[in-house]
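So the structure is just underneath, and the comments pick up after that.
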Amino acid sequence: MRDLRYQVDVNAEATFIEAQSNPGEGRFVFTYTVTIANNGTLPAQLLHRYWKITDGEGGVREVHGDGVVGEQPTIVPGDAFTYTSGAILETAVGTMEGFFEMVSADGEIFKAKIPVFTLLNPGALH
């Protein structure tokens, strides 16, 4: 059972950026917007991120780092933090998933899962 003190839920959505992409050269640019909602009972600070980015050919790239977009936000219960970032793929479709490592006000370190979401060039659908 999930401990309600440490309930942080993540939602992410991606958008294809046609103006910055060049499909003929295998360059597909996406932005993604992530919302991190603290539905627990304690404030929690985002310490680190981990992303697994899989392209349409099964190639995998892993990204680790401190915080997000230069920040390590503390999110109080009932509040959320939203940010936008980007990814470049060599294929018209891919997926992203991962987790954020968080620390709660009582010192407990836990992971907030980032559910898998799709990066898709709508023009790739036939």
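Read the sequence shown against the numbering used here and you will find it ends at 749, with the numbers running on by one and no gaps. Even glycine gets a Cβ: it sits at the ideal position worked out from N, Cα and C.
Item to check | Rounded C-alpha distance that separates Gly-709 from Gly-663 | outcome: Taking the CA atoms as reference points, Gly-709 sits about 28 Å from Gly-663.
Next on the checklist: Please list the terminal residues of the continuous beta strand (DSSP E) segment that includes Ser-727.
Outcome noted: Element bounds for Ser-727: 716 to 727.
Next on the checklist: Suppose you measure from the CA of Asn-634 to the CA of Ile-640; what does that come to, to the nearest Å?
Outcome noted: When only Cα atoms are considered, Asn-634 and Ile-640 end up about 20 Å apart.
Checklist entry - Ordered along the chain, which non-local residues of its own chain (more than five positions away) have a Cβ less than 8 Å from that of Thr-695? => result For the sequence presented, residue 695 should be read as Gln rather than Thr. Once the five neighbours on either side are set aside, the close Cβ partners of Gln-695 are Gln-668, Leu-669, Leu-670 and Asp-689.
Next on the checklist: Whole angstroms are fine: how far does the CA of Thr-656 sit from the CA of Val-686?
Outcome noted: Those two C-alpha atoms are separated by around 17 Å.
Checklist entry - Across which residues does DSSP place Asn-634 in a beta bridge pair? => result Answer is Thr-658.
Checklist entry - Three-state secondary structure (DSSP) at Gln-643? => result Here Gln-643 sits in helix by DSSP.
Item to check | Option in Ser-727, Asp-702, Ile-676 and Tyr-629 with minimal Cα separation from Leu-743 | outcome: For the residues Ser-727, Asp-702, Ile-676 and Tyr-629, the minimum Cα distance to Leu-743 belongs to Ile-676.
Checklist entry - Just checking my contact of Val-698 with Ile-737 at CB under 8 Å: how many whole Å lie between their CB atoms? => result According to the sequence shown, residue 698 is Ile rather than Val. In this structure Ile-698 does not touch Ile-737 by the C-beta definition: roughly 15 Å separates them, more than the 8 Å allowed.
Next on the checklist: Less than 7 Å between the beta carbons of Leu-665 and Ala-728, yes or no?
Outcome noted: Leu-665 places its beta carbon less than 7 Å from that of Ala-728.
Item to check | Alpha-carbon to alpha-carbon, Ala-735 and Thr-707 | outcome: Each residue's Cα considered, the two are about 18 Å apart.
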